[in-house]
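In the order they appear, the protein sequences are chains A and B. All residue numbers for the first sequence refer to our numbering, where the first residue is 3 and numbers rise by one. All residue numbers for the second sequence refer to our numbering, where the first residue is 196 and numbers rise by one. In this text, a Cβ means the ideal position worked out from N, Cα and C, and glycines have one as well. Since the structure is predicted, the reported quantities are computational estimates derived from the model, not experimental observations.
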Amino acid sequence: DAKTTQPTSMDCAEGRAANLPCNHSTISGNEYVYWYRQIHSQGPQYIIHGLKNNETNEMASLIITEDRKSSTLILPHATLRDTAVYYCIAVPHSGTYKYIFGTGTRLKVLA
Amino acid sequence: GAVVSQHPSWVICKSGTSVKIECRSLDFQATTMFWYRQFPKQSLMLMATSNEGSKATYEQGVEKDKFLINHASLTLSTLTVTSAHPEDSSFYICSARDQTSGISYNEQFFGPGTRLTVL
């Protein structure tokens with residue numbers, strides 16, 4: 003079973019920040035939090051990942067709580083092209099390295 | 196970033212025939228590739244882990260005799276759906292780990308997917 007839970011769907015106004023939460027209360031010490039997104043009928047696209055520190059790249063920011071039980075992906079200025087399903091995944095950095103996808107959050111950016 | 200391709204991008208076949216889908220890592224070597232299946236409006240479901248030079252590891256409930264996986268080189272894995280039936284119609288996606296860059300993180304690079312329709 004997936005180790006993460008996310009809201010089924012969210013709307014965000016174009017130009018505003020989109021904050022996508024993820025709960026991973028059973029995450030273990032060697033598991034990183036990875037975020038991917040999937041635009042309709044395409045393969046998932048990597049966004050960002052982190053272990054316990056907050057991370058930022060050109061696409062997004064990742065805020066991980068101190069207890070590591072939840073995280074938030076922030077798209078600072080959402081555009082219509084950010085409309086997609088966003089997946090948060092807990093990934094071990096040893097062993098099988100398998101990704102177990104949860105249901106994800108369907109983000110719709112509104113004009 | 197690293198690129199993974201799939202071929203074909205879509206295929207339509209008759210019930211009872213077999214279909215082969217290729218997954219290639221274009222600019223890196225991948226000793227491990229993964230195969231997923233995705234039904235409409237559902238999440239990706241991991242089917243199997245493909246290991247170069249050895250047998251694939253299948254997830255529980257996935258029939259290994261129906262979904263044949265071959266990983267004969269460091270850049271190519273194939274998934275063959277044998278004796279396909281309409282219930283096998285789905286979006287099949289592969290991914291690969293770049294294990295030659297020396298970077299320890301576990302990013303998987305995904306292919307664009309193959310849509311299989313069985314009539």
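L311 (chain B) has a beta carbon lying at 9 Å or more from every beta carbon in chain A.
DSSP links K215 (chain B) through a beta bridge to B:T275. Assignment of R39 (chain A) by DSSP, reduced to helix, strand and coil, places it in the strand class.
Across the set B:S200, B:I216, B:V199, the C-alpha of B:I216 shows the shortest separation from the C-alpha of I207 (chain B).
DSSP places D260 (chain B) in the coil class of the three-state scheme, outside both helix and strand. Going by C-alpha positions, V87 (chain A) is about 34 Å away from G248 (chain B). With a threshold of 16 other beta carbon atoms within 10 Å, S204 (chain B) falls short and is exposed.
The alpha-carbon separation between A225 (chain B) and T273 (chain B) amounts to approximately 13 Å.
Between L221 (chain B) and V276 (chain B), the C-beta spacing is not below 9 Å. From the beta-carbon of T105 (chain A), the residues of chain B found nearer than 7 Å are S238.
For L271 (chain B), the nearest beta carbon of chain A is not closer than 9 Å to its own beta carbon.
At least one CB atom of chain A sits nearer than 9 Å to the CB of F229 (chain B). In this structure, R292 (chain B) lies away from E282 (chain B), with their beta-carbon atoms at least 9 Å apart.
Per DSSP, the unbroken beta strand (DSSP E) holding Q47 (chain A) starts and ends at 47–52. Collapsing the DSSP output to three states places P23 (chain A) in a strand. Interface residue (Cβ-Cβ distance to chain B less than 9 Å): I76 (chain A) is not classified as such.
Residues of the region 36–60 of chain A with a Cβ closer than 9 Å to any Cβ of chain B, in chain order: Y36, Y38, Q40, S43, Q44, G45, P46, Q47, Y48, H51. For Q233 (chain B), the enclosing beta strand (DSSP E) covers residues 227–233.
Rounded to whole angstroms, the gap between the alpha carbons of V257 (chain B) and F229 (chain B) is 13 Å. Ranking A:H26, A:G45, A:A80 by CA distance to the CA of K54 (chain A) puts A:H26 first.
B:L269 is the residue among B:L269, B:T244, B:Q237 whose C-alpha sits nearest the C-alpha of Q294 (chain B). Listed along chain A are Y99, each with a C-beta nearer than 9 Å to that of R292 (chain B).
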